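As structure tokens, the structure follows; a few thoughts come after it.
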Amino acid sequence: MNKTVLILVVILVAASAGYWFMSRTTEAPDEFSSQNESEMESLSEIPVSSSATMEPGRYEVDSESSVINFAAGKPAIAGYVHRGAFTLQSGNITLEDSSLTGEFVIDINSLKITSLGGGKVGQESALESHLKGEGFFDAETYNTARFTITDVEPKVLPGPDHADYTATGNLTLKGQTNEVKFPMKVVVNENDEVWATANLEIDRTKWGISQGSASIAEKITDNIIGDIVSLDLSVKLEN
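Take the sequence shown: its position 181, counted from the start at 1, is 822 in the working numbering, and no numbers get skipped.
As structure tokens, this is what we get:
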């Protein structure tokens, strides 16, 4: 088993976190929604220079280097996209024989808006406070989200996503747990650092974050928030 497996797991956790960001109300300074993949930008590109074998033992997430980026917008307004990020509070995986286990914790209060669309520049702090409020993530009650690894499998065929693995796990957010599954890419860069990256989409309403959702609206308006959130993940692991 190699390090790629290790990183896959970490990214699953991140993915869950990113999903939460997108929920918003029509009374908020702004709101999130689905976004075109062409608008998603990876924060970093990690050059591959080697492959490495993962030794049995416990591995920790480098929370300072890892990031979960998200992007979303209002479906009724072309080009209306907001961007932000979460960080991992902690995380680890343990490799024993052929078994891989682990859990990752996302810091909900780390939510930061990095770019506002729709002429909303300058309202970042207001939007951050709104998203952390009771109507959305309710960070005061649920200050963390958790992802528990249940399965990591190598992909038989590379496919258009260029992913190496398919990761599966349970994401718990605001007291609700749902399964999350998506393709991941794992690399070892020129400094022999192990990284996992992924681009995916998640339906926020599965965790009860449905304010402003098109699925419950009588008609589509400029205030409707898309249900699907795009995530761009970069996670680093250390032995």
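For each residue, glycine too, the CB sits at the ideal point set by N, CA and C. Note that the structure is predicted; figures quoted are calculated from it, not measured.
Q: Could you check the C-alpha separation between residue 824 and residue 806 for me, to the nearest Å?
A: Position 183 of the sequence shown, counted from the first residue, corresponds to residue 824. Position 165 of the sequence shown, counted from the first residue, corresponds to residue 806. If I take the Cα positions, the gap works out to 6 Å.
Q) Quick one, are the C-beta atoms of residue 796 and residue 836 less than 8 Å apart? A) On the sequence shown, position 155 is the one that residue 796 refers to. On the sequence shown, position 195 is the one that residue 836 refers to. Contact annotation: residue 796 and residue 836 have beta-carbon atoms that are not nearer than 8 Å.
**Q.** Bounding residues of the alpha helix (DSSP H) (the contiguous stretch that carries residue 847)
**A.** For the purposes of this step, residue 847 is taken as the residue at position 206 of the sequence shown. Taken as a continuous stretch (DSSP letters only), residue 847 belongs to no alpha helix (DSSP H), as it is neither H nor E.
Q) DSSP beta-bridge partners for residue 754? A) Looking up residue 754 in the sequence shown gives position 113. Checking the DSSP bridge columns, you'll see residue 754 partnered with 725.
Q | Contact under 8 Å by Cβ, residue 852 with residue 777 | A | Mapped onto the sequence shown, residue 852 falls at position 211. Mapped onto the sequence shown, residue 777 falls at position 136. The answer is yes: Cβ separation under 8 Å.
**Q.** Where the beta strand (DSSP E) through residue 855 begins and ends
**A.** Locating residue 855 in the sequence shown gives position 214, where the first residue counts as 1. Note, residue 855: premise wrong, no beta strand (DSSP E); not H, not E.
Q. Cα separation between residue 855 and residue 866?
A. In the sequence shown, residue 855 corresponds to position 214, counting from 1. In the sequence shown, residue 866 corresponds to position 225, counting from 1. Residue 866 has its alpha-carbon roughly 6 Å from the corresponding atom of residue 855.
(Q) Can you confirm whether the segment 753 to 762 touches the segment 786 to 796 when touching is taken to mean that 3 or more C-beta pairs between the two stretches lie within less than 8 Å? (A) The way I'd put it, the segment 786 to 796 doesn't touch the segment 753 to 762; fewer than three beta-carbon pairs between them come closer than 8 Å.
(Q) Considering only the alpha carbon of each residue, which of 698, 738, 747, 706 lies closest to residue 815? (A) Position 174 of the sequence shown holds residue 815. Nearest neighbour of residue 815 by Cα position, chosen from 698, 738, 747, 706, turns out to be 747.
**Q.** residue 621 - containing beta strand (DSSP E), residue span
**A.** Nothing about residue 621 can be read from this structure; the chain reaches only from 642 to 880.
Q) Taking the alpha carbon of residue 698 as the point to measure from, which residue in 873, 732, 841, 738 has its own alpha carbon closest? A) One-based indexing of the sequence shown puts residue 698 at position 57. The shortest C-alpha separation from residue 698 is found at 738.
**Q.** First and last residue of the uninterrupted alpha helix (DSSP H) at residue 768
**A.** As a working mapping, residue 768 is identified with position 127 in the sequence shown. Element bounds for residue 768: 765 to 773.
Q. For residue 826, which three-state DSSP category applies?
A. Taking the sequence shown and counting its residues from 1, the one referred to as residue 826 is at position 185. The DSSP-derived three-state label of residue 826 is strand.
**Q.** Cα-Cα separation, residue 726 to residue 798
**A.** Mapped onto the sequence shown, residue 726 falls at position 85. Mapped onto the sequence shown, residue 798 falls at position 157. The straight-line gap separating the alpha-carbon atoms of residue 726 and residue 798 is approximately 31 Å.
Q | residue 665 versus residue 785: straight-line alpha-carbon distance, rounded | A | Here residue 665 refers to the residue found at position 24 when the sequence shown is read from its first residue. Here residue 785 refers to the residue found at position 144 when the sequence shown is read from its first residue. A caution first: residue 665 carries a pLDDT of 40, below 50, which makes its placement in the model too unreliable to give a value.
**Q.** Candidates 781, 732, 767, of which the one nearest residue 705 by Cα
**A.** Locating residue 705 in the sequence shown gives position 64, where the first residue counts as 1. That would be 732, whose Cα lies nearest to the Cα of residue 705.
Q: Under 6 Å Cβ to Cβ from residue 881, same chain only, skipping five residues before and after it: list those, please.
A: No information on residue 881 is available, as it lies outside the stretch 642 to 880 that the chain covers here.
Q: Write down the C-beta distance between residue 872 and residue 711 rounded to the nearest angstrom, noting that I regard them as a contact closer than 8 Å.
A: For the purposes of this step, residue 872 is taken as residue 231 along the sequence shown, with counting starting at 1. For the purposes of this step, residue 711 is taken as residue 70 along the sequence shown, with counting starting at 1. Sure, about 5 Å apart at Cβ, within 8 Å.
Q. Counting along the chain, where does the beta strand (DSSP E) carrying residue 873 start and finish?
A. Position 232 of the sequence shown, counting from 1, holds the residue named residue 873. Per DSSP, residue 873 belongs to the beta strand (DSSP E) from 869 to 879.
(Q) So, at 6 Å on beta carbons, what are the nonlocal neighbours of residue 721 in its own chain, with the 5 sequence-adjacent residues on each side left out? (A) Locating residue 721 in the sequence shown gives position 80, where the first residue counts as 1. Excluding five sequence positions before and after residue 721, the CB atoms of its chain that fall closer than 6 Å to its own CB belong to 714, 715, 758, 759, given in chain order.
**Q.** Residue(s) in a DSSP beta bridge with residue 792
**A.** Position 151 of the sequence shown, counting from 1, holds the residue named residue 792. DSSP output for residue 792 lists 809 as bridge partner(s).
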